[in-house]
Every structure is written in structure tokens, then in C-alpha cells.
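Quick notes on the structure that follows.
The structure is reproduced here in C-alpha cells:
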């Protein structure tokens, strides 16, 4: 499939594997990706007080060191494209986010991601959660800063578009809805933002995913 995409479009896709801050995960990720032309690893760890206390049972200092050592291992193994994610970032202390993302960047992360893991935030809150780290994290201007939204309250698309307008960060919501919103309104209300997605293929892609997964979208779904 990867070779077919290369030949048809000339574009070499980034193939990404997600991994916890565990050495065995990172080593397994490299085994899966070592023959990819553009491999990426996405290393993540909990950063909210509640997750660190009850899920990881680690202190803030221990969590930062886990992030550091994991990124160092990824670089040592041969990953050059390293994404670091803050799980439950939407409920994390803003100063701690700045600290751990700054350390990740120092160790070699090329993308840092704030995740609204429990889908708890509304657009205004997320805007504030993004603008603060962008202004206070060392090295943030030298990497890609992205937001990963969840849809528990049905706000992933609204959060994505809102944060993109307010902060200029990359964000993820419903890809088809975000792409069409940008196509229809990006020039007028998003400071000229655009996407290279060919929206003519959205329907065919959706049908293909439904066929392979046997998961079907509701008849009245937008887009």
C-alpha cells in the first residue's frame, strides 16, 4: 500500500507508531518502522495531577525523567522524527506542561502535542491551554506544536477550528469536517489558512474505511 501511494502521488507518507514511555514499546516501534522511508514515533505520558497520582503513581519529577529517557532511547535507536504527547494535557497544570514539553524539546522531540484526552474542554479553555505553553515553553518555536482533541462532548471539531484560529497550532478533530470548514471559511475567517486535502475523495475514503472496518457512519452525519 505504501509503495502504491508513492508511485501514484509522488508523496512519501509519514508512518507513525504510538508508544508509552516504556523502553519495550519504543524498541517494538522501531522494529515495526525500521524499513519505512519516513518513520515517526509518538511517545506519550500522563501529565495531569490525577493521572500521575492514580494511573502512573509517579511524581512530577519522575514523569519528566521518564519522558527524557524515552526520547533519548528513541534517538539512540535511530528515530529522528519524534513526537511527544502530554496525555490529559487539557487538565494539566500549565506550568508543568511548559516544563515537560521544554525538556522533551531539549532531548530532541520535533513535535509536541497537548491532548484533551477526556474531551473535557470547550474552545475558550483550550485556547488558553494552548496560548500559555506557546508563550512560555523553551524551544517551542523550533518544533511543531499540535493539539489532539477528543469528542466526548461533541466538541472536537469546534475545538480544533477555534484553536487554529486563535493560536495557529495544528489540531485534530473530525478530519472531513475540519477540511471542509477550512475549505469553505478558511480564507475569510481563519487568516487565510488552507489545507492540501483533496476533498473530492472524502466520500470514497469514508466508504473504504466503512468496508474494511464494518463500522458505519450515521445517515445524517455532517459531510
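Numbering (my numbering), first residue to last: 174 to 396. Each residue gets a CB set at the ideal place from its N, CA and C atoms; glycine is no exception.
With 16 other CB atoms within 10 Å as the buried threshold, where does residue 376 fall? Counting every other CB atom within 10 Å of its CB across the protein chains shown gives residue 376 a total below 16, marking it as exposed.
Proximity winner among 198, 262, 218, 318, relative to residue 298 (alpha-carbon distances): Comparing Cα positions, the closest option is 262.
Cβ of residue 192 less than 9 Å from any chain C Cβ? The displayed structure is made up of one protein chain only, and chain C is not part of it.
9 Å Cβ cutoff met for residue 254 and residue 286: Between residue 254 and residue 286, the C-beta gap is not smaller than 9 Å, which leaves the two residues out of contact.
Confirm, please, whether the CB-CB distance from residue 225 to residue 270 is below 9 Å. Result no, Cβ atoms of residue 270 and residue 225 do not sit closer than 9 Å.
Could you tell me which whole beta strand (DSSP E) segments of length 3 or greater appear in the segment 306-341? Restricted to the segment 306-341, the beta strand (DSSP E) segments that are unbroken, complete and at least 3 residues in length are 317-322, listed in chain order.
Of all the options 183, 193, 268, which has the alpha carbon lying nearest to the alpha carbon of residue 258? When only C-alpha atoms are compared, the closest one is 193.
Let me know if residue 183 comes out buried or exposed under the rule of 16 or more other beta-carbons within 10 Å of its beta-carbon. In summary, residue 183 is exposed, with fewer than 16 beta-carbon neighbours lying within 10 Å of its beta-carbon over all protein chains present.
Opening and closing residue of the beta strand (DSSP E) in which residue 269 lies: No beta strand (DSSP E) contains residue 269, which is instead part of the alpha helix (DSSP H) from 267-280.
Considering just the uninterrupted stretch of the alpha helix (DSSP H) at residue 284, what are its terminal residues? Residue 284: not part of any alpha helix (DSSP H); member of the beta strand (DSSP E) spanning 284-289, first to last residue.
Taking the alpha-carbon positions, what's the residue 239 to residue 220 distance? Those two C-alpha atoms are separated by around 12 Å.
My output table needs one value for residue 382: the three-state DSSP class, helix, strand or coil. It is helical.
Limits of the beta strand (DSSP E) - the one that residue 259 falls within: First-last of the beta strand (DSSP E) with residue 259: 255-260.
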